Amino acid sequence: MVGERLAKKMGVLKRARKVNVKQGDGTNLSGGKFVVNTMIQIFQDKAFIGKFSLDAEVLDIGDKDLILGLSWLVKNEFIVDTEGRCLRNVNTGMVIKCSVR
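Numbering (my numbering), first residue to last: 8 to 108.
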């Protein structure tokens, strides 16, 4: 999921179409928008580390910019390292630091 603030900054909100998203607890988030074939660039400490494709729902996700789902992690071959608070690519060894806000 992509937050509305980030979607506007990326310029992708104008291509979105409305969708309803069913959450894990069975409730629905309505009024969201689905964006197809968006590219995100990952930076750490102002250094570019990678570019990835993303199909996402644009929803009000509070103060978060982006929530990556399991399908994105699998497609891009990342595992979640909870102890190290990062994502690790199983093939390339790329590490993306994760922050908690």
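Every residue, glycine too, gets a C-beta built ideally from N, C-alpha and C.
Just so it is clear, the structure is predicted and the values come from calculations on it, not from any experiment.
Problem set entry | Residue of Lys82, Lys40 and Ile68 minimising C-alpha distance to Ser60 | Lys82
Problem set entry | The beta strand (DSSP E) enclosing Lys58, as first and last residue numbers | Ala54 to Leu66
Exercise. How is Met8 classed by DSSP in three states: helix, strand or coil?
Worked result: coil
Exercise. With DSSP run on the structure shown, which of helix, strand or coil describes Met46?
Worked result: strand
Exercise. Would you call the CB atoms of Met8 and Glu64 closer than 8 Å?
Worked result: yes
Problem set entry | Own chain, CB closer than 8 Å to Met46, minus 5 neighbours either side, in chain order | Lys58, Phe59, Ser60 and Leu61
Problem set entry | Residues sharing a beta bridge with Cys93, DSSP | Asp88 and Lys104
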